[in-house]
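Chains as they are written, first to last, in the numbering used here: chain Z, 80 to 412; chain B, 829 to 1096.
Glycine included, every Cβ here is placed at the ideal spot set by N, Cα and C.
Predicted model only: the values in this text are computed from it and were never measured.
This report concerns only the one structure given below.
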């Protein structure tokens, strides 16, 4: 159990109180077979394995799931540190905290013993309905008071600091009287929670709202950042959507270099949740993070690609699609 | 200005019910030359619809393939509008879809037409059982006692229960070729009329589908975790009008295999 719970942020940097995990990827079911035959095969020569230091799981995919996914999680835990990343805490909702969900999370925490647990600065539903999306908050004093109180409550229940992620957003509220980074600073300061800096989300939101992503990153509470996310978005011309379905663009690598210069050795996680490539390709993409830290600038610039004349623009849906129901391992007699 | 609770209720209605007051939208959401307030709200509303639709298509992929996109999406959207998700997990999203299809099936008098109209709800039920089987506890990590016919004969009081990954159900259609084709990523044939009992179960973490003989289905349905297996055997003999000794011979041959495959378990 961690010693850091609710209340004002202590003087010590949260990242110093938590392990530095290196470079990781999300555990996805399409990679199970490859992992069993390679990284998780104890007879496999380690030098032949691509280098992944740790895995992140989507908590909801493993809560109340006792099938092959749980077996794989247990196999992965034997060899790698695991972090739990949730999408349904709904910390910003006006609904009461969902104790059933938090209790289920606690059961999974006790089983997985994650390095830390994270979720998002957002709300996902209201009046008992879950939209399964990460919805934006108005950044007001009233919202801040509401979220601070709930983060403290959850941290007291779970007896560990929450690590919260900056979301990708597509709209801002006229009632907001502070910036997102000001809201995050106050939230971290008042609750002692940590920050999962999603560099791609900064890139997407900055484009959608017309602010400077470098200023955003420089303005964050760097001593509270314990993890960074990387992903590839989709450029729709007038806006960008956080699709996690492609390579990380050069602009995001550049922001990542800045973020790492401000928070050296921060644990890094590559997200890829749609059109997921084979595991070695995923690891090649992850290795670009190592390249970026050595001074090279990988990737290519993301630019808008208009549809060919006469063709409709493709449908673009933002993540998360934490859906793990496909009968991937099914076969009939 | 709306307070946080009012704003979230308003936003929820706009995204989930697509009820949007344009005046309130412009008072609440920042619009820019790059993207209007309505377009910005539309990203969330459209994302909500498409994301949940994608989950329904994935969970009911065989039915989706058979009905086609337009008809399936129409059923799924009606379902989602009637029963928006109230769970933290998307696993629960499609739970009520088979019952919704049954409840909203148009009333017809012709028995043949009525049977045909039950196909979607029955296939949806089968697909739901397959998903439930994936996530159940199962018996893969349990120590399974090896049974044989002689051991069974000397244990008339043993009690069996269906594993939480096993599901027996009766259907009017032959869905086995459909599921086979789905799993092999082939074109899915339309199911033929062929009343039968089916078993969904999990063995070695793989989901299996098997046709059952009437006596097998009746026996598994009787494995309620309470009745002694030879009591169940007598009930099944009566129900299926089988000679009791003949059924006993069938059971002592088949039951050890059903235990070994994790279809049923002996209750301690």
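Strictly under 9 Å for the Cβ-Cβ distance: is residue i near chain Z by that measure?
i               : result
residue 839(B)  : yes
residue 907(B)  : no
residue 1017(B) : no
residue 1081(B) : no
residue 919(B)  : yes
residue 1025(B) : no
residue 856(B)  : yes
residue 916(B)  : yes
residue 1086(B) : no
residue 865(B)  : yes
residue 947(B)  : no
residue 913(B)  : yes
Name the DSSP beta bridge partners of residue i, please?
i               : result
residue 878(B)  : BP columns for residue 878(B) are empty, so no partner.
residue 1024(B) : 999(B)
residue 306(Z)  : 275(Z) and 346(Z)
residue 1038(B) : 1027(B)
residue 1126(B) : It is not possible to answer for residue 1126(B), since the shown part of chain B is limited to 829 through 1096.
residue 198(Z)  : 243(Z)
residue 102(Z)  : 347(Z)
residue 314(Z)  : 319(Z)
residue 205(Z)  : 208(Z)
residue 857(B)  : 252(Z)
Taking the beta strand (DSSP E) that residue i falls in, what are its first and last residues?
i              : result
residue 212(Z) : 208-214
residue 134(Z) : 133-137
residue 163(Z) : 161-164
With a CB to CB cut of under 6 Å and the five nearest residues on each side skipped, what residues in its chain are close to residue i?
i               : result
residue 407(Z)  : Residue confidence for residue 407(Z) is low, a pLDDT of 47 falling below 50, so the modelled location carries little weight; the figure read from the coordinates is stated next. 108.
residue 222(Z)  : 216
residue 1080(B) : 977 and 980
residue 1025(B) : 998, 1040 and 1045
residue 1023(B) : 1000
residue 933(B)  : 945
Excluding the 5 residues flanking residue i on each side, which residues of the same chain have their C-beta closer than 7 Å to its C-beta?
i               : result
residue 872(B)  : 843
residue 1064(B) : 1043, 1046, 1047, 1050 and 1075
residue 405(Z)  : Bear in mind that a pLDDT of 49 at residue 405(Z), under 50, signals an unreliable position, so the model cannot answer this.
residue 301(Z)  : 341 and 342
residue 918(B)  : 883
Is the beta carbon of residue i sitting closer than 9 Å to the one on residue j?
i              : j               : result
residue 396(Z) : residue 335(Z)  : no
residue 133(Z) : residue 103(Z)  : yes
residue 249(Z) : residue 320(Z)  : yes
residue 990(B) : residue 1083(B) : no
residue 863(B) : residue 318(Z)  : yes
residue 207(Z) : residue 914(B)  : yes
residue 219(Z) : residue 254(Z)  : yes
residue 966(B) : residue 190(Z)  : no
residue 183(Z) : residue 153(Z)  : no
residue 303(Z) : residue 348(Z)  : no
residue 807(B) : residue 926(B)  : The requested residue 807(B) is not part of the displayed model; chain B covers only 829 to 1096.
Quick check on residue i - is its C-beta less than 9 Å from some C-beta in chain B?
i              : result
residue 354(Z) : no
residue 408(Z) : Any answer about residue 408(Z) is weak, because its pLDDT of 40 lies below 50 and its placement is not dependable; what the coordinates show is given next. With 9 Å as the cut-off, residue 408(Z) counts as an interface residue toward chain B.
residue 110(Z) : no
residue 412(Z) : Bear in mind that a pLDDT of 28 at residue 412(Z), under 50, signals an unreliable position, so the number given afterwards is only what the model happens to contain. Residue 412(Z) counts as touching chain B.
residue 373(Z) : no
residue 116(Z) : no
residue 253(Z) : yes
residue 187(Z) : no
residue 394(Z) : yes
residue 285(Z) : no
residue 142(Z) : yes
residue 221(Z) : yes
residue 206(Z) : yes
residue 94(Z)  : no
residue 210(Z) : yes
Return the chain-ordered list of same chain residues with a C-beta closer than 8 Å to the C-beta of residue i, the five sequence neighbours on each side being excluded.
i               : result
residue 943(B)  : 1000 and 1021
residue 376(Z)  : 329, 332, 333 and 336
residue 1092(B) : 988, 989, 990, 991, 994, 1048, 1051, 1083 and 1086
residue 846(B)  : 873
residue 386(Z)  : 392 and 393
Assuming residue i is part of the alpha helix (DSSP H), what are its boundary residues?
i               : result
residue 1068(B) : 1057-1068
residue 1005(B) : 1004-1011
residue 87(Z)   : No alpha helix (DSSP H) contains residue 87(Z), which DSSP labels as neither H nor E.
residue 267(Z)  : 259-270
residue 931(B)  : 925-931
residue 833(B)  : 832-840
residue 906(B)  : 897-910
residue 955(B)  : 947-963
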